[in-house]
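Take a look at the structure below.
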Amino acid sequence: MSQETSPEAGTPGGTGRSAGPLDEVDRRILAELVRDGRMSIRTLAERVHVSRTNAYARVERLLREGVITGFRAQVAPEPAGLGTSAYIALTIEQNTWREVSEELARVRYVEHVALLSGEHDVLALVRAPDNATLRNVVLERVQSIAGVLSTRTWLVFEEFGGAQNPWA
């Protein structure tokens, strides 16, 4: 159902969005926090040209509504000892996605998991210290999960961020 013909956002049967729409100030706040999540409310308020009270209230609302899910350090994998990265595509038995997802979340070195539509059912990002550990993660841990039918691995040679912050 398209957004134009769907019930109002946040209502049952709607788009599934419970938070209100973001305005320009919210987007500027998100852009600044994505750039530097450690900045003070005072600095944030100065950068987005609102009062400290307004900035604080908006950040609290964005947290309460689940738009901001937390603040964390971004760690460069290689300097942190995780020099091998790979994407692992999994084909699974269709009725096992919950169990497979729960088990993947417990596998050491699995950084991110996404359920997909298309040729593969699951895509996992693995960051390991070396190829031997990656091999163990894929062949010993992931392929032994009940419901996993097959895997396909793509080594990551180089990574870079996108040029655009979607909130800017």
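Residue numbers (this note's numbering): 198 to 365.
Glycine included, C-beta positions come from ideal geometry on N, C-alpha and C.
Residue range of the alpha helix (DSSP H) that includes residue i
i      : result
VAL245 : 238-245
LEU331 : 328-332
Terminal residues of the beta strand (DSSP E) in which residue i lies
i      : result
ARG324 : 319-325
VAL310 : 307-312
ALA302 : No beta strand (DSSP E) contains ALA302, which DSSP labels as neither H nor E.
Proximity of residue i and residue j at Cβ, strictly below 7 Å
i      : j      : result
ALA242 : ALA365 : no
HIS309 : ALA286 : no
ARG324 : PRO276 : no
LEU301 : ALA321 : yes
THR348 : VAL339 : yes
ARG249 : ILE265 : no
Closest residue to residue i among the options (Cα-Cα distance)
i      : options                           : result
ARG269 : ARG232, VAL345 and THR250         : ARG232
LEU313 : ASP327, GLU257, SER298 and GLN361 : SER298
VAL245 : LEU260, GLY234 and GLU221         : GLU221
THR281 : LEU331, GLU262 and GLY359         : LEU331
LEU230 : ARG305, SER248 and GLY267         : GLY267
ASN328 : GLN291, ASP223, THR288 and GLY278 : GLY278
Three-state secondary structure (DSSP) of residue i
i      : result
SER347 : strand
SER203 : In this prediction, SER203 has a pLDDT of 35, which is less than 50 and means its spatial position is unreliable; what the coordinates show is noted afterwards. It is coil, neither helix nor strand.
THR266 : coil
SER341 : coil
SER298 : helix
Residue-level contact to chain B via CB, residue i, 7 Å cutoff
i      : result
ARG225 : Of the chains in the structure shown, none is chain B; there is only one protein chain.
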